[in-house]
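Numbering (the working numbering), first residue to last: 3 to 595. We put the beta carbon where it would ideally sit given N, CA and C, even for glycine. First the structure, in the form of structure tokens, and then the observations on it.
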Ligand SMILES: Cc1cc2nc3c(=O)[nH]c(=O)nc-3n(C[C@H](O)[C@H](O)[C@H](O)COP(=O)(O)OP(=O)(O)OC[C@H]3O[C@@H](n4cnc5c(N)ncnc54)[C@H](O)[C@@H]3O)c2cc1C
């Protein structure tokens, strides 16, 4: 079994000491109640659910998995009951509008709630997260009638939602999708087609499911500009809100997967199912991005959720497992060997893991504060600035949260040696579970292409400049702080290198059609490591300002130093790799592979 207790202290440090989130959030319209005390109380409550209800069924859920018979999906034991407790606690509607029964709390808080839920039980956490994304899309794009028909039930958790984009021949390239939507006389549409890989497409956890399905109208232009989005409920909803006839779609099968076995993934067949247009015709992909932008940040949090559990488990094991002696002489002469935590390699693995987890958590909290500002700030210019920061950071949070999350899970498995590879300790489940996060919600390569191909180029680098202005203001504030020099120095150097590399890449992209594609993943990593360095500077600044807990401050300094000295320098090799261009990648003829 893995070891996990919710890192409330770390979460509070980031929320209150590093970012003073309550000061920013309570000043936003609608969030005056989101005080530090309230947020702490919410986190405490969720921690109880995670540790007491969700974590205990994580390993059994993996071992039992989901089953499929006669079109019906059965979830592992305890999952429906655990979900009921989650729904009864009001967690589904944490950020939803109060007029639909939601609590109207900040996305910042939702991030931390989701992080701990994912650490406790990644599979279970995916079901409600899809519902939350569906709620967001319906709130943003639905008509008053659609909102009142679906939102209260989804916000309460009585119904769940899912997103139905992928088809056998259309994955990353959704412009290829073929599912059809034909208008009916009553204003509805008949949806026909097959979707694959649909998370939570069918199951017995809730009485109704609301599918958001991408399909093409008969007059649709080709490609991604001809896609519309439809609300397709499993049971039709009568005028009085009661459930009516079963809609004409069903699960054809479920996928047999490497991990996240308790999260069901379905092939869905729509056979003239009744659907209703959500948003404008042919603008469905843009509409789906309302949901996908939230989900991309959510998936980034999934990576770090698993990494936190992996770190806690590995740190506990490393203090217990005895093998070999410390190079400096026996650390525990009374025992036949020392705990493996004496070995530099084991310590380095743990420090790498911790330095990444803490940096990504800080980045995620900062990004979500900006999500809240972008939604609520009364000043349009402030909203735009925050939105720019979120737009730039979304591919980084998604790809670095999951890419490094996966690397951390693997690194921590290694701490267990052979015991990590067998089932008992749960480490192999973490490695299997986290792997999908690098793939779904747009593969990490698609994220990197979004960063270099789209986000960097918006209005002559407006988003990049918005972020640079934030880092420069931190560095200016810390100018002359000798106690921070070992942290601000490497950050300054990394930012200068990133700026130079970004200019190089922009020029290279004009000369070489493969230039951006060849550089994208390594450039994103470089960017991510630089953003993490900034997060470490902010965390060190806050830790040094904390005078009530010397041990906490000393630990932060030690982990931050490790990051600056042993992780950040990787940017030098990434710089060289990016600048190597596409020639060596494209030289080999296709037939030679
Ligand atoms: C467990 C699971 C759950 C999922 N849940 C959902 C869900 O709920 N709803 C839903 O709609 N979908 C879901 N998906 C689908 C998922 O989003 C897709 O698998 C993913 O977007 C990639 O599409 P694909 O698998 O077709 O791969 P492809 O698009 O075929 O990609 C194959 C490889 O080519 C690369 N590639 C593709 N295009 C480019 C390009 N232009 N440039 C460079 N590289 C490229 C990709 O990065 C990848 O490495 C799920 C998938 C899984 C496995």
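*asked:* Can you find the residues in the same chain that come closer than 7 Å, C-beta to C-beta, to residue 543, ignoring five residues on each side of it along the sequence?
replied: 480, 486, listed in sequence order.
*asked:* So the candidates are 226, 201, 138, 199; which of them puts its Cα closest to the Cα of residue 177?
replied: Residue 226 is the option with its Cα nearest to residue 177.
*Around the C-beta of residue 475, are 16 or more other C-beta atoms found within 10 angstroms, so that it is buried, or is it exposed?*
Taking all protein chains shown into account, residue 475 has fewer than 16 neighbouring C-beta atoms within 10 Å of its C-beta and is therefore exposed.
*Should residue 435 and residue 207 be called a contact, given that it needs their Cβ atoms to be closer than 8 Å?*
Cβ distance not < 8 Å, so residue 435 and residue 207 don't count as in contact.
*Round the Cβ separation of residue 280 and residue 231 to the nearest angstrom and send it over; I've been treating them as touching at under 8 Å.*
Taking C-beta atoms under 8 Å as the contact rule, residue 280 and residue 231 qualify, at a distance of about 5 Å.
*To which residues of the same chain is residue 249 closer than 8 Å at the C-beta, ignoring the five residues directly before and after it?*
Here the set comprises 234, 235, 236, 237, 238, 275, 276.
*Following the continuous beta strand (DSSP E) through residue 557, name the residue where it begins and the one where it ends.*
No beta strand (DSSP E) contains residue 557, which is instead part of the alpha helix (DSSP H) from 552-564.
_Contact the segment 161-172 vs the segment 130-137: 3+ CB pairs below 8 Å_ = The answer is yes - the segment 130-137 touches the segment 161-172, with three or more Cβ pairs under 8 Å.
*According to the neighbour-count rule (16 or more other Cβ atoms, all chains shown, within 10 Å of its Cβ), is residue 396 buried or exposed?*
Residue environment: residue 396 is assigned as buried (16 or more neighbouring CB atoms within 10 Å of its CB, all protein chains considered).
*Of the residues 45, 343, 105, the one placed nearest residue 35, counting alpha carbons only*: Nearest in C-alpha terms to residue 35, of all of 45, 343, 105, is 105.
_Span separating the alpha-carbon of residue 98 from that of residue 47_ = Rounded to whole angstroms, residue 98 to residue 47 spans 18 Å at the Cα level.
*Under the three-state reduction of DSSP, which class applies to residue 426: helix, strand or coil?*
The answer is coil: DSSP assigns residue 426 none of H, G, I, E or B.
*Leaving out five residues on either side along the sequence, give the residues of the same chain with a beta carbon under 8 Å from the beta carbon of residue 338.*
The residues are 324.
_residue 219 beta carbon near ligand 1 (any heavy atom closer than 7 Å)_ = Not so, every heavy atom of ligand 1 lies at least 7 Å from the Cβ.
_One question on the structure: do residue 573 and residue 531 come within less than 8 Å of each other, judged by their Cβ atoms?_
Going by C-beta atoms, residue 573 is nearer than 8 Å to residue 531.
*Could you have a look at residue 525 and say whether DSSP puts it in helix, strand or coil?*
Three-state DSSP puts residue 525 in a helix.
*asked:* Less than 7 Å separating the Cβ of residue 207 from some heavy atom of ligand 1?
replied: False, no ligand heavy atom lies under 7 Å from that Cβ.
_Buried or exposed (CB count within 10 angstroms, at least 16 for buried), residue 83_ = Counting Cβ neighbours within 10 Å, residue 83 comes out exposed, since fewer than 16 surround it.
_7 Å CB neighbourhood of residue 443 in its chain, flanking five on each side removed_ = Excluding residues up to 5 positions away in sequence, 294, 297, 298, 301, 400 lie with their Cβ nearer than 7 Å to the Cβ of residue 443 in the same chain.
_Complete beta strand (DSSP E) runs within the segment 213-280 (minimum length 3 residues, chain order)_ = Correct list: 230-235, 237-239, 245-248, 251-256, 267-279.
_Please list the terminal residues of the continuous alpha helix (DSSP H) segment that includes residue 397._
Element bounds for residue 397: 382-417.
_Distance CB(residue 317)-CB(residue 410) smaller than 8 Å_ = Going by beta carbons, residue 317 and residue 410 fall outside the 8 Å limit.
*Where DSSP assigns a beta bridge to residue 538, which residues make up the other side?*
Partner(s): none; residue 538 has no beta bridge.
*Which residues in the same chain as residue 124 place their Cβ atom closer than 7 Å to its Cβ, once the five residues preceding and following it in sequence are excluded?*
So the qualifying residues of the chain are 262, 304, 307, 308, 435.
*Which residues mark the beginning and the end of the alpha helix (DSSP H) in which residue 48 is found?*
According to the DSSP assignment, residue 48 belongs to the alpha helix (DSSP H) that extends over 38-51.
_Can you give me the C-alpha to C-alpha distance between residue 259 and residue 516, rounded to a whole angstrom?_
Approximately 33 Å between the Cα atoms of the pair.
*For the alpha helix (DSSP H) holding residue 491, just list the boundary residues, first then last.*
In the DSSP annotation of this structure, the continuous segment of the alpha helix (DSSP H) that includes residue 491 starts and ends at 487-513.
*Answer yes or no: do residue 557 and residue 548 have a C-beta to C-beta separation smaller than 8 Å?*
Their beta carbons are not under 8 Å apart, which means residue 557 does not touch residue 548 by this criterion.
_Based on DSSP bridge pairs, tell me the residues matched to residue 210._
Answer is 161, bridged to residue 210.
*Cβ-Cβ separation, residue 38 to residue 596 (assumed contact under 8 Å), whole Å*: The first residue shown for the chain is 3 and the last is 595, placing residue 596 beyond what the model contains.
*From the DSSP output, read off the bridge partner residues of residue 172.*
In DSSP, residue 172 forms a bridge with 169.
*Run the proximity test for residue 444: is its beta-carbon closer than 7 Å to any non-hydrogen atom belonging to ligand 1?*
Answer for residue 444: yes, Cβ within range of ligand 1.
*What's the C-alpha gap between residue 497 and residue 51?*
In a straight line, the C-alpha of residue 497 is about 41 Å away from that of residue 51.
*For residue 200, verify whether its CB is less than 7 Å away from any heavy atom of ligand 1.*
At least one heavy atom of ligand 1 is nearer than 7 Å to the Cβ of residue 200, so yes.
*Along the chain, where does the alpha helix (DSSP H) that runs through residue 34 open and close?*
Element bounds for residue 34: n/a, residue is neither H nor E.
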